[in-house]
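Data first, discussion second: the structure below is written as structure tokens.
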Amino acid sequence: MIEDVLDLILTIGLMHYLIVSGSVFALGSVIALGKRNAVGVLMGVELMLNGAILALIAFSRFPPAGTATTAALEGHVFVVFVLTVAAAEAAIALALAVLVYRKRETVDLDRINLLKW
Amino acid sequence: MNLAEHLNVIGPAVALFVGSGTVLLVGLMLPRRAYSFTLTCLALIIAGIWLLVHHAAGTESSALGGAVRIDAFSNFFSIVIVVATLSIVLATRTWADTLERSIEFYALLLTAAASMTILTQASDLITIFIAIETTSISQFILVAIVKDDKGAEAGLKYLLTGAVAAAVLLYGFVFLFGVSGVVSLDQILSFAESAPEEYRLVLLLSLMFIVAGLGYKMALAPFHGWAPDVYQGAPSAIGSFLSVASKATGFAVALRLIYSGLGGGDFYLATDLSRIFVILAVASMIIGNLGALRQTDAKRLLGYSSIAQAGNIAVGLAALTAGSVSGASAVTFFVATYLFTNLGAFLSVHFIRSKLGSSELTDFAGLIKRSPLVAVVLSISLLSLTGIPPTAGFIAKVYVFNAAITGGDLWLVGLVAVAVLNTAISAYYYLRWLRMMWLDEPSGDSAIRPDGWQQTVLVVMMAGTVLIGILPNPLINAAKTAVESLI
Numbered sequence: 032m033i034e035d036v037l038d039l040i041l042t043i044g045l046m047h048y049l050i051v052s053g054s055v056f057a058l059g060s061v062i063a064l065g066k067r068n069a070v071g072v073l074m075g076v077e078l079m080l081n082g083a084i085l086a087l088i089a090f091s092r093f094p095p096a097g098t099a100t101t102a103a104l105e106g107h108v109f110v111v112f113v114l115t116v117a118a119a120e121a122a123i124a125l126a127l128a129v130l131v132y133r134k135r136e137t138v139d140l141d142r143i144n145l146l147k148w
Numbered sequence: 004m005n006l007a008e009h010l011n012v013i014g015p016a017v018a019l020f021v022g023s024g025t026v027l028l029v030g031l032m033l034p035r036r037a038y039s040f041t042l043t044c045l046a047l048i049i050a051g052i053w054l055l056v057h058h059a060a061g062t063e064s065s066a067l068g069g070a071v072r073i074d075a076f077s078n079f080f081s082i083v084i085v086v087a088t089l090s091i092v093l094a095t096r097t098w099a100d101t102l103e104r105s106i107e108f109y110a111l112l113l114t115a116a117a118s119m120t121i122l123t124q125a126s127d128l129i130t131i132f133i134a135i136e137t138t139s140i141s142q143f144i145l146v147a148i149v150k151d152d153k154g155a156e157a158g159l160k161y162l163l164t165g166a167v168a169a170a171v172l173l174y175g176f177v178f179l180f181g182v183s184g185v186v187s188l189d190q191i192l193s194f195a196e197s198a199p200e201e202y203r204l205v206l207l208l209s210l211m212f213i214v215a216g217l218g219y220k221m222a223l224a225p226f227h228g229w230a231p232d233v234y235q236g237a238p239s240a241i242g243s244f245l246s247v248a249s250k251a252t253g254f255a256v257a258l259r260l261i262y263s264g265l266g267g268g269d270f271y272l273a274t275d276l277s278r279i280f281v282i283l284a285v286a287s288m289i290i291g292n293l294g295a296l297r298q299t300d301a302k303r304l305l306g307y308s309s310i311a312q313a314g315n316i317a318v319g320l321a322a323l324t325a326g327s328v329s330g331a332s333a334v335t336f337f338v339a340t341y342l343f344t345n346l347g348a349f350l351s352v353h354f355i356r357s358k359l360g361s362s363e364l365t366d367f368a369g370l371i372k373r374s375p376l377v378a379v380v381l382s383i384s385l386l387s388l389t390g391i392p393p394t395a396g397f398i399a400k401v402y403v404f405n406a407a408i409t410g411g412d413l414w415l416v417g418l419v420a421v422a423v424l425n426t427a428i429s430a431y432y433y434l435r436w437l438r439m440m441w442l443d444e445p446s447g448d449s450a451i452r453p454d455g456w457q458q459t460v461l462v463v464m465m466a467g468t469v470l471i472g473i474l475p476n477p478l479i480n481a482a483k484t485a486v487e488s489l490i
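Chains as they are written, first to last, in the working numbering: chain D, 32 to 148; chain P, 4 to 490.
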């Protein structure tokens with residue numbers, strides 16, 4: 032009985048990765064929705080993307096039984112593209128944050144309120 | 004397939020991408036800015052003709068290892084996007100000439116249009132995600148292109164919400180990939196047809212994430228928060244692009260994913276998916292219409308109106324359980340009519356804003372005396388947005404509601420009842436605006452005239468709205484053919 036439980040905990044499988052991935056994603060969304068600083072929100076979004084990437088890698092390492100063997104490859108390709116997109120998005124985000132800071136001298140979302148949020 | 008055949012499939016998008024690069028390059032080397040306008044139009048016209056050739060030939064094939072698929076559906080939506088972009092480029096030329104960064108404006112507009120064209124063709128999860136992000140990133144910059152206070156604020160808000168939505172969409176894709184082990188929509192379809200019951204929960208979760216991510220693109224409540232702010236803060240040229248082209252691609256991706264990837268009404272989660280869309284549609288219509296009631300700024304009003312219209316279109320998505328593909332073809336038809344209707348309204352607002360420097364509703368008072376053409380075009384567009392015959396908006400609404408009712412599902416019948424009530428609410432603010440233009444005294448007595456291209460585009464939009472209202476059959480048939488190619 033105890034050995035079974037130990038086995039479940041110690042043999043690292045898909046579920047372990049998914050739990051970590053889910054926690055990272057959840058933390059990221061809490062930060063992204065809760066932070067009032069634009070740069071803080073961006074960090075939350077990066078965490079969300081990292082959670083998704085972790086799950087992708089886990090799924091391509093442990094593909095569902097009976098499915099195509101290409102899963103390993105497609106998962107990795109997906110990750111590379113997601114990383115690229117995330118980098119591009121972060122670059123534009125920082126540029127816009129700098130633009131807003133120059134105009135308004137703040138990146139606090141509560142004080143960026145010319146347009147009713 | 005050899006390289007030429009692959010290129011032929013993605014040709015229109017390649018033409019737009021090449022056009023974007025050329026505009027940047029020529030802009031660097033030659034001092035005259037007029038070239039960028041000409042080159043942009045040229046790229047759009049080449050892409051448009053290429054699409055029409057594909058459309059006439061009825062091409063149906065996959066390319067690039069199944070990443071993109073050209074069929075009647077992708078052609079239909081691509082044509083909508085290219086026509087919308089070309090109309091906006093033509094009608095906003097005078098404004099774009101005054102821009103400090105007009106070269107970047109044209110280049111980014113072409114990039115966005117190109118990636119939207121790819122998006123309508125995308126048939127695997129990776130391509131869909133990349134194309135959505137390429138579109139969004141171009142649009143983030145476009146919103147802030149004027150670099151004034153409001154534009155910068157709108158750009159930042161659009162970006163932050165967009166980034167969160169993209170991450171949520173990605174998480175949904177990851178789980179769809181996780182349970183099926185494949186990324187291409189064809190293979191996901193064969194998985195969905197035989198998906199074991201125990202995957203129900205994880206599939207439902209993944210679908211909810213995906214719907215949330217795409218709902219952001221379509222401006223469906225409760226993922227609509229960005230729409231009024233961005234439409235108000237962005238230049239009206241960009242606002243019209245977002246409201247027509249960006250929304251069209253959102254619905255195109257949703258339709259392809261649901262019908263090509265999940266098997267539409269045959270999917271064992273179809274009922275749950277339909278319920279989700281019923282809730283989103285009701286929320287969008289109510290929030291959009293109630294929000295629009297108290298707006299005084301025309302651009303912000305159109306922002307709320309676009310949320311409500313997204314709710315109307317989503318009625319067609321909810322109708323996926325009603326049998327056959329009538330719901331999907333209603334969505335496709337609605338998006339095409341929305342092109343004429345909404346561009347007519349948005350470009351009229353753009354004209355007023357560029358002449359008078361603001362777009363408060365009071366600026367439209369007595370417009371019929373100052374600029375009869377714009378007043379008539381805007382009036383027809385507003386009637387069409389309300390859904391009054393004989394305009395395209397009326398036919399589109401009837402078609403969507405009819406598709407939803409035919410199944411006799413109580414949820415869908417209730418949805419249509421709510422939608423009809425909402426049409427009545429929306430009539431209040433659309434017709435109030437109309438009354439101001441026709442009956443109120445003008446705020447200034449000088450006449451204002453649109454330039455030649457603006458007149459042409461506005462007349463085309465009005466003619467489209469009225470013609471589709473009188474003779475809807477050719478477009479309805481085209482929409483049906485488009486949707487049938489999905490299955």
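Every residue, glycine too, gets a C-beta built ideally from N, C-alpha and C.
All figures in this text were calculated on a predicted structure; none of them were measured in a lab.
- Taking 7 Å as the cut-off, the Cβ atoms of S309/P and A295/P do not count as close.
- With its beta carbon at least 7 Å from every one in chain P, M32/D lies outside the interface.
- Around the beta carbon of D139/D, fewer than 16 other beta carbons sit within 10 angstroms, so the residue counts as exposed.
- Bounds of the beta strand (DSSP E) holding I73/P are V71 to I73.
- Interface criterion not met: the Cβ of E136/D is under 7 Å from no Cβ in chain P.
- With the rule of 3 Cβ pairs closer than 8 Å, the region 351–363 of chain P does not count as touching the region 409–428 of chain P.
- A straight-line Cα-Cα distance of about 22 Å links L376/P and F244/P.
- Just so you know, the alpha carbons of R67/D and L42/P end up roughly 42 Å apart.
- With the criterion set as a beta carbon lying under 7 Å from some beta carbon of chain D, the region 366–390 of chain P has no members that meet it.
- G253/P sits close to M221/P, with the two beta carbons spaced by under 7 Å.
- The beta carbon of I143/D falls within 7 Å of a beta carbon belonging to chain P, placing the residue at that interface.
- The alpha carbon of L163/P has as its nearest neighbour, out of G71/D, V51/D, S52/D and H47/D, the alpha carbon of G71/D.
- Looking at the backbone, the Cα of A46/P and that of I121/P are separated by about 15 Å.
- Between the C-alpha atoms of E196/P and G268/P there is a straight-line separation of about 11 Å.
- For D275/P, the secondary structure class from DSSP, reduced to helix, strand or coil, is helix.
- Proximity of F93/D to chain P, defined by a Cβ-Cβ separation below 7 Å, is not satisfied.
- Taking Y433/P as the centre and dropping the five residues before and after it, the same chain places the C-beta of L385, L388 and T389 closer than 7 Å to its C-beta, in chain order.
- Here E363/P carries a strand assignment [DSSP, helix/strand/coil].
- Collapsing the DSSP output to three states places N292/P in a helix.
- Nearest to M46/D by alpha-carbon distance, out of A126/D, G106/D, F93/D and L145/D, is F93/D.
- Listed along chain D, the residues sitting closer than 9 Å to L159/P by beta-carbon distance are A69, A124, L127, A128, L130, V131, V138, L140 and I143.
- Our two residues, A134/P and D448/P, have alpha carbons roughly 48 Å apart in a direct line.
- Interface flag for A301/P against chain D is unset, since no Cβ pair is found closer than 7 Å.
- If you draw a straight line from the Cα of Q235/P to the Cα of V171/P, it is about 26 Å long.
- In this structure, DSSP gives D412/P a state outside helix and strand, which the three-state scheme calls coil.
- Taking all protein chains in view, the Cβ of S351/P is crowded by 16 or more other Cβ atoms within 10 Å, so the residue is classified as buried.
- Short of 7 Å from the beta carbon of L418/P, and not among the five residues preceding or following it, lie these beta carbons of its own chain, in chain order: V281, A284, V285, V318, A321 and A407.
- For the set I33/D, F90/D and V51/D, the Cα lying nearest the Cα of H107/D is the one of F90/D.
- Contact with chain P is found for L87/D, since one of that chain's Cβ atoms lies less than 7 Å from the residue's Cβ.
- Between S141/P and S118/P a beta carbon distance of about 7 Å is seen, short of the 8 Å cut, so the two are scored as contacting.
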